[in-house]
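Okay, structure first, notes after.
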Amino acid sequence: MAVNEFQVESNISPKQLNNQSVSLVIPRLTRDKIHNSMYYKVNLSNESLRGNTMVELLKVMIGAFGTIKGQNGHLHMMVLGGIEFKCILMKLIEIRPNFQQLNFLLNVKNENGFDSKYIIALLLVYARLQYYYLNGNNKNDDDENDLIKLFKVQLYKYSQHYFKLKSFPLQVDCFAHSYNEELCIIHIDELVDWLATQDHIWGIPLGKCQWNKIYNSDEESSSSESESNGDSEDDNDTSSES
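With this note's numbering applied, the sequence shown has no gaps in its numbers, which climb one by one up to 224 at the end.
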């Protein structure tokens, strides 16, 4: 028997959802590429984060994806679907933020010129990828029902917004050696529509999902109106990213 016939993967998170490690929503080959990337090793390893916590990861997220209104481009020129994006998405999956943390980040108010639109996009992709299996059938599970309500409200809310984001084409895997696609500008409602209707994004499979059916529901519309009243200024932020 070959010595290497059975290999234990060292980068599997011990945290679980849906009776398996949270890491397994990302295919093994993609996980290996992410964990072997220089960006992950320098910025997102347990040692570099100085604590494998959401508080430490949030510092990286703000530095990587925070934008300043009135400036062209975001601070470190990261894009949706790129290597750095996938690395942070992977770390977010491994840490598995709780409901209170997700609720806070998805409803944070932009102040002093800071714009969280790339962070919002990251969290929407994370929710669709990590929590695809939620179905709401367990009426006694308040945590599950709270997550479903939060995700549906946020998807519907941003399906009605149109701010621009720099991105790899949604069907393109940045790790593929054969791609010749250039970066593009997408609107947040396009990203939401993709998450609601497609089974993959940037080369990552999206599990079959029930709570992402948002277009025929009045609940999300009424729930999101009160939350989006203070966010209408985002719709005016339609200058192209450079």
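For glycine and all other residues, C-beta sits at the position ideal for the given N, C-alpha and C.
Under the three-state DSSP convention, the category residue i falls into
| i | result |
| --- | --- |
| His17 | helix |
| Leu177 | helix |
| Cys166 | strand |
| Leu(-1) | strand |
| Lys68 | helix |
| Val4 | helix |
| Tyr108 | helix |
| Ile75 | helix |
| Ser224 | Because Ser224 carries a pLDDT of 44, less than 50, the predicted location of this residue cannot be relied on, and no value is offered for it. |
| Met11 | One point to set straight first is that residue 11 is Leu, not Met, in the sequence displayed. It is helical. |
| Tyr22 | helix |
| Asp155 | coil |
| Ile102 | helix |
Run of the alpha helix (DSSP H) containing residue i, from where it starts to where it stops
| i | result |
| --- | --- |
| Ser141 | Asp124 to Ser141 |
| Ala46 | Met36 to Phe47 |
| Asn85 | Phe81 to Leu88 |
Bridge partners - residue i, DSSP secondary structure assignment
| i | result |
| --- | --- |
| Ser149 | Leu62 and Cys166 |
| Pro187 | His182 |
| Ser27 | Ser27 pairs with nothing; no bridge assigned. |
Cβ-based burial, residue i [other Cβ within 10 Å; buried from 16]
| i | result |
| --- | --- |
| Arg10 | exposed |
| Gly63 | buried |
| Ile167 | exposed |
| Ala158 | exposed |
| Met20 | exposed |
| Phe47 | buried |
| Phe(-12) | For Phe(-12), the predicted model reports a pLDDT of 45, less than 50, meaning its position is unreliable and no value from the coordinates is stated. |
| Asn194 | buried |
| Ser98 | buried |
| Ser141 | buried |
| Phe150 | buried |
| Pro(-4) | exposed |
| Ser5 | buried |
| Val42 | buried |
| Phe96 | exposed |
| Lys190 | exposed |
| Lys121 | exposed |
Any chain E beta carbon closer than 8 Å to residue i
| i | result |
| --- | --- |
| Leu129 | No chain E appears in this structure, which consists of one protein chain only. |
Inter-stretch contact at 8 Å, needing at least 3 Cβ pairs: the stretch 97 to 106 / the stretch 19 to 36: no
The stretch 107 to 118 contacting the stretch 126 to 140, beta-carbon criterion three pairs below 8 Å: yes
Touch test, the stretch 78 to 88 against the stretch 173 to 189, Cβ-Cβ under 8 Å, three pairs minimum: no
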